[in-house]
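A.B. asks:
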Amino acid sequence: MNVAELYLKLSECHDVSGWWPAESGWEVMVGAILVQQTAWENVERVLGELKRRGAMDVDKIATMPLDELETIIRPAGFYRQKASHIQNLARYLAREYSSDPRGLLEKDIEESRTELLSLPGIGEETADAILLFAGGRPKFIAAAYVRRLLDRMGMLSSDDYWEVQRYVESELPPDAVVFSQLYALMVHHAHTVCRARPMCGGCCLRNSCRFTGTAGRADCRRSSRRGSRW
Ligand code: SF4
Numbered sequence: 027m028n029v030a031e032l033y034l035k036l037s038e039c040h041d042v043s044g045w046w047p048a049e050s051g052w053e054v055m056v057g058a059i060l061v062q063q064t065a066w067e068n069v070e071r072v073l074g075e076l077k078r079r080g081a082m083d084v085d086k087i088a089t090m091p092l093d094e095l096e097t098i099i100r101p102a103g104f105y106r107q108k109a110s111h112i113q114n115l116a117r118y119l120a121r122e123y124s125s126d127p128r129g130l131l132e133k134d135i136e137e138s139r140t141e142l143l144s145l146p147g148i149g150e151e152t153a154d155a156i157l158l159f160a161g162g163r164p165k166f167i168a169a170a171y172v173r174r175l176l177d178r179m180g181m182l183s184s185d186d187y188w189e190v191q192r193y194v195e196s197e198l199p200p201d202a203v204v205f206s207q208l209y210a211l212m213v214h215h216a217h218t219v220c221r222a223r224p225m226c227g228g229c230c231l232r233n234s235c236r237f238t239g240t241a242g243r244a245d246c247r248r249s250s251r252r253g254s255r256w
């Protein structure tokens, strides 16, 4: 099976429409930092509270007292670090791009990525999630769930982030919609069926999968559920 076939097959199995709901690129950027090492449900609580306070705004977060931001972010865990990283990003955008994230996200894609990676709290997965979901840029996220599924399928066995990213990107047209759909499908499949202990019995990929794990209970036909983003 190649990557395009995997994409088509997973599209038949799952519905991931509205997988990352957000009203702005800035909301995606905040969510991408908040979701590090926590479940999406906790992120949703924080995003909801920021909106309830009218604070889902680059300038408002840039100027908010840090302890107030920490209190809002507490449900997402690691709240001191995350508050600091989000406020630092907001101040950077305010200073360098007149508070408009598009200034950063619409540059040459590698230039944008390098700039994001230079900021505290933004690693490769977070930078690529921001580029893909906030910027609509064709950059695939080679997260751990993606690497595990590719390995089990017998498509690519590698823990090297860049190698996995390059492999997927080389097999598809550089289309952000395709990349974001495939990523959502793979992560959803990993959460619901191809879990740490895979439920192969009900898996729609089992006829093409190299892995001969245990028979499972899940049935992934047209399943739909929003879960963690990576
Ligand atoms: S058959 Fe099993 S190991 Fe292979 S993708 Fe499905 S759940 Fe994962």
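One gets my numbering by counting positions in the sequence shown from 1 and adding 26 to each.
Glycine included, each C-beta is placed from N, C-alpha and C at the ideal position.
The model shown is predicted, which means the values in this text are computed figures rather than measured ones.
Buried or exposed: where does A210 fall if 16 or more other Cβ atoms within 10 Å of its Cβ makes it buried?
C.D. replies: To locate residue 210, count along the sequence shown from 1; it is residue 184. It counts as buried.
A.B. asks: For ligand 1, any of its heavy atoms closer than 8 Å to the Cβ of L231?
C.D. replies: Taking the first residue of the sequence shown as 1, we reach residue 231 at position 205. Yes; taking the cut-off as 8 Å, the Cβ of L231 has a heavy atom of ligand 1 nearer than that.
A.B. asks: Heavy atom of ligand 1 less than 8 Å from the Cβ of V203, yes or no?
C.D. replies: Your numbering for residue 203 matches position 177 in the sequence shown. Outside the cutoff, so no.
A.B. asks: May I ask you to check if the CB of M179 is nearer than 8 Å to at least one heavy atom of ligand 1?
C.D. replies: The sequence position of residue 179 within the sequence shown is 153, counting from 1. Yes; taking the cut-off as 8 Å, the Cβ of M179 has a heavy atom of ligand 1 nearer than that.
A.B. asks: Quick one: complete alpha helix (DSSP H) runs, 4+ long, within the segment 170-197?
C.D. replies: 170-179 and 187-196
A.B. asks: In whole angstroms, what separates the C-alpha of R252 from that of K77?
C.D. replies: Start at 1 with the first residue of the sequence shown, and residue 252 comes out as number 226. Start at 1 with the first residue of the sequence shown, and residue 77 comes out as number 51. Confidence in R252 is poor, its pLDDT being 47 and thus under 50, which makes the residue's placement unreliable; the coordinate value appears in the next sentence. Answer to the nearest angstrom: the Cα atoms are 20 Å apart.
A.B. asks: Consider the C-beta atom of L175 and the heavy atoms of ligand 1; say whether any pair is separated by less than 8 Å.
C.D. replies: As a position in the sequence shown, residue 175 is number 149, starting the count at 1. True, at least one ligand heavy atom lies under 8 Å from that Cβ.
A.B. asks: Which residues mark the beginning and the end of the alpha helix (DSSP H) in which D85 is found?
C.D. replies: Mapped onto the sequence shown, residue 85 falls at position 59. Where D85 is concerned, the enclosing alpha helix (DSSP H) stretches over V84 to T89.
A.B. asks: So what does DSSP say about M225, is it helix, strand or coil?
C.D. replies: The residue you call residue 225 lines up with position 199 of the sequence shown. In this structure, M225 counts as coil in the three-state DSSP scheme.
A.B. asks: Going by DSSP in three states, S234 sits in which element: helix, strand or coil?
C.D. replies: Counting from 1 along the sequence shown, the entry for residue 234 is found at position 208. In the structure shown, S234 sits in a helix (DSSP, three-state: H, G or I).
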